[in-house]
Amino acid sequence: DVSLYREEIGTAIFDKVAELDVTESRGIEIFGSKIYITTDEGAMSSVSSNIYTNESIDFIPEFTSVNISNNTVIVTTINKIGIDLFVGTDRRIYVLNNGGELWLQFEEKNTVIPTFYVDAILQKIGYYYNNGGEDQNISFDEIINHESVVEVSNKYDMYFAEYGGWAQSRYSAKFIVYNNNHQFGESRDEIE
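Under the working numbering, read the sequence shown as residues 4 to 195, first letter to last.
Written out as structure tokens, the structure reads:
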């Protein structure tokens with residue numbers, strides 16, 4: 004579990020005020036009268052009457068309108084800029100105003116969102132990646148063991164080959180996959 008502590012004013016004493024049923028959390032912002040936290044289970048916000056004085060603070064899922072087809076979209080960043088709260092997900096930036104209205108500010112539709120695994124464990128937050136152009140890389144918030152295995156998985160739309168493809172004619176033929184005239188991958192020399 005992830006816990007939230009608050010410092011007693013004028014002391015070096017920290018009191019636990021909340022416990023979240025999540026594995027990881029990253030970003031935290033106070034906006035208006037709420038605390039917003041990004042977690043591996045989605046963004047959460049406080050529902051307590053006073054985040055500064057209540058002995059315990061409860062949290063509920065927040066920004067559920069950004070979810071897609073009832074699947075939780077992980078909020079990767081939250082930042083207060085001026086009088087607005089910017090909420091970032093893969094390929095999208097939303098803005099929350101002080102009236103509680105959330106809207107889509109920007110969307111990048113032409114990129115593939117990769118999924119990352121470290122030692123076969125799905126990573127939901129705590130990393131940054133660049134998959135644009137030829138310089139593709141990933142960075143982690145925390146140091147990972149040099150023996151760890153990092154894997155990436157991409158989901159692509161279904162592709163149907165023009166003229167039916169080669170599989171029915173010669174399934175074991177070597178092939179190369181291109182995307183916008185850029186070689187994207189190729190098969191092994193021998194396919195059994």
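From the three backbone atoms N, C-alpha and C, an ideal C-beta is built for every residue, glycine too. From a predicted model like this one, the values you see are computed outputs, not experimental measurements.
Legend entry - Assigned exposure category for F66 - 16 Cβ within 10 Å defines buried: By one-based count along the sequence shown, residue 66 stands at place 63. When all chains shown are included, F66 counts as buried.
Legend entry - Limits of the beta strand (DSSP E) - the one that K37 falls within: As a first step, residue 37 is located in the sequence shown; it is residue number 34 there, counting from the start. Here the beta strand (DSSP E) through K37 covers K37 to T42.
Inset, instruction - Would you check if the distance between the CB atom of E111 and the CB atom of T75 is smaller than 8 Å? - result: Here residue 111 refers to the residue found at position 108 when the sequence shown is read from its first residue. Here residue 75 refers to the residue found at position 72 when the sequence shown is read from its first residue. Cβ atoms of E111 and T75: not closer than 8 Å.
Legend entry - Cβ-based neighbour list, K196, same chain, cut-off 7 Å, excluding 5 preceding and 5 following: A question about residue 196 goes unanswered here, because the residues of the chain that appear run from 4 up to 195.
Legend entry - Pair within 8 Å by beta-carbon distance, D122 and S151: Taking the sequence shown and counting its residues from 1, the one referred to as residue 122 is at position 119. Taking the sequence shown and counting its residues from 1, the one referred to as residue 151 is at position 148. Yes, Cβ-Cβ distance for D122 and S151 is below 8 Å.
Legend entry - Closest Cα partner of I211 within the set I124, V98 and I71: Absent from the model: residue 211. The displayed extent of the chain is 4 to 195, so no value can be given.
Inset, instruction - Measure the Cβ-Cβ separation of G135 and T118 and say whether it is below 8 Å. - result: As a first step, residue 135 must be located in the sequence shown, where it is residue number 132. As a first step, residue 118 must be located in the sequence shown, where it is residue number 115. Contact: no.
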